Amino acid sequence: MADLIVGVDIGGTKVAGGLMTMKGELRRAAIVPTRAAKGFTASFGQITRLIERLLARAGKKNRVLGLGMCAPGPLDPRQGLVLSAPNLPGWRNIPLARLVSEKFGLPAKVENDANAAGLAESLFGAAVKYRHVFYVTVSTGIGTGIIINKMVYHGKNGIAGEGGHVTIDYHSPYRCGCGTLGCIEALAAGPAMARRARVRLEEEHTTPSLLRDWTGGNLSRISPLMIQKAAASRDAIAREIIDQTGFYLGVWLAGMITLLDPEAIVIGGGVARIGKPLFHKIRETIQQYTLSPSFAAKTPLLPAKLQKNVGVYGAASLFLPAGFKAEAEF
Ligand SMILES: [Zn+2]
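Take the sequence shown: its position 105, counted from the start at 1, is 109 in the numbering used here, and no numbers get skipped.
Structure representation (structure tokens):
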């Protein structure tokens with residue numbers, strides 16, 4: 005009887021995988037480099053080798069219900085098609101689910117990585133108590149997932165939930181990677197924070213700052229982690245950058261709350277690790293920009309709980325029975 009699911013998280017630098025039980029417990033996690041720079045054949049080879057290893061650990065193949073995968077979008081989850089993946093050179097219109105399914109003789113599914121992470125947080129992480137969740141991860145980009153009744157909302161074409169490319173400032177001088185002006189990703193993700201710090205320090209070229217000291221004046225070396233550390237040491241410019249990031253995220257999330265009225269918002273990714281000062285500013289700003297501040301004030305803003313295996317959890321969850329935990333606690 006099938007009682008295990010293979011979950012695989014395909015990233016630009018590494019492919020992580022594991023075996024999940026039907027109770028949602030993750031076992032035997034493994035990780036390999038993606039070898040993305042070597043093109044599709046090399047990175048696909050890494051993925052299939054990892055799956056082979058996991059199937060060997062499962063013992064009999066008929067113990068495995070399916071192969072769930074997640075990859076950077078945009079992709080078509082219904083057809084299991086990766087349309088393009090900026091971090092995976094050569095991946096264009098790849099029928100990933102079909103290729104993997106044919107190779108291993110097992111059903112396979114593919115989901116966008118942020119959607120998978122959102123699903124995982126709602127099933128096993130920060131938002132287990134909530135059915136309707138808005139998930140956001142802020143790191144080198146901004147990925148989001150809309151979870152309704154413990155399931156991913158896909159929209160008509162399977163591309164819903166690309167909240168990082170909702171613009172909040174169409175006058176912005178900053179063009180996003182997607183081609184639009186002022187997407188939240190182009191204003192508040194890690195690289196945007198570093199750029200704002202750089203611009204600010206160039207404008208205020210006589211103002212002392214730890215960021216200037218730590219980079220030896222080479223401002224292109226500023227990282228979000230550096231900004232976080234400088235702010236913790238009371239650096240005025242670093243604090244200003246974090247405040248501004250919280251403001252942008254707050255304006256944007258206020259819109260998401262007005263639109264979706266979620267039961268909870270989960271915030272993950274490297275930038276979210278800034279913690280309190282960022283969350284405080286987000287919360288304060290949401291109050292000013294949402295339609296119903298009294299409801300918004302009660303919407304929990306939760307730091308993500310699942311760390312490095314979040315994608316593996318989410319990918320494997322694609323084969324959990326529909327509605328797993330959906331109404332369980334209500
Ligand atoms: Zn964009």
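Just so you know, even glycine gets a beta-carbon here, dropped at the ideal spot from N, CA and C.
Predicted model only: the values in this text are computed from it and were never measured.
A heavy atom of ligand 1 is found nearer than 7 Å to the CB of His169.
Distances from the CA of Ala300 to each of Gly28, Lys113, Met260 were compared; the closest alpha carbon is that of Met260. Between Ala124 and Ala268 a beta carbon distance of about 14 Å is seen, past the 8 Å cut, so the two are scored as non-contacting. Under DSSP, Cys182 shares a beta bridge with no residue. Rounded to the nearest whole angstrom, the C-alpha separation of Leu282 and Gly250 is 5 Å. In this structure, Leu8 lies away from Ala34, with their beta-carbon atoms at least 8 Å apart.
The count of Cβ pairs closer than 8 Å, one atom from the stretch 94-101 and one from the stretch 127-147, stays below three, leaving the stretches out of contact. For Met5, the closest of Gly15, Gly22, Gly70 by C-alpha to C-alpha distance is Gly70. Between ligand 1 and Thr148, a heavy atom-to-CB distance of less than 7 Å is absent. In the three-state scheme derived from DSSP, where H, G and I count as helix and E and B as strand, Arg31 is classed as strand.
Taking 7 Å as the cut-off, the C-beta of Thr184 counts as close to a heavy atom of ligand 1.
Here Thr171 carries a strand assignment [DSSP, helix/strand/coil]. The three-state reading of DSSP puts Pro93 in coil, since its state is none of H, G, I, E or B. Distance between Glu288 and Glu189, taken at the CA atoms: about 20 Å.
Within the DSSP secondary-structure output, Glu115 pairs in a beta bridge with Cys74.
When secondary structure is reduced to three states using DSSP, Leu110 falls in the coil class, being assigned neither helix nor strand.
Nearest Cα to Val140 within the set Gly165, Lys18, Ala41: Gly165. In the assembly as shown, Asp117 is a buried residue. Its beta-carbon has 16 or more other beta-carbons within 10 Å.
Taking the CA atoms as reference points, Ala242 sits about 8 Å from Ser213.
Residue burial annotation: Val12 is buried, with at least 16 other C-beta atoms found within 10 angstroms of its C-beta.
CA-CA distance, Lys65 to Leu127, rounds to 26 Å.
Using a cutoff of 7 Å, the CB of Cys187 counts as near ligand 1, since one of the ligand's heavy atoms is closer than that. With a 10 Å radius around the Cβ and a threshold of 16 neighbouring Cβ atoms, Glu115 comes out buried.
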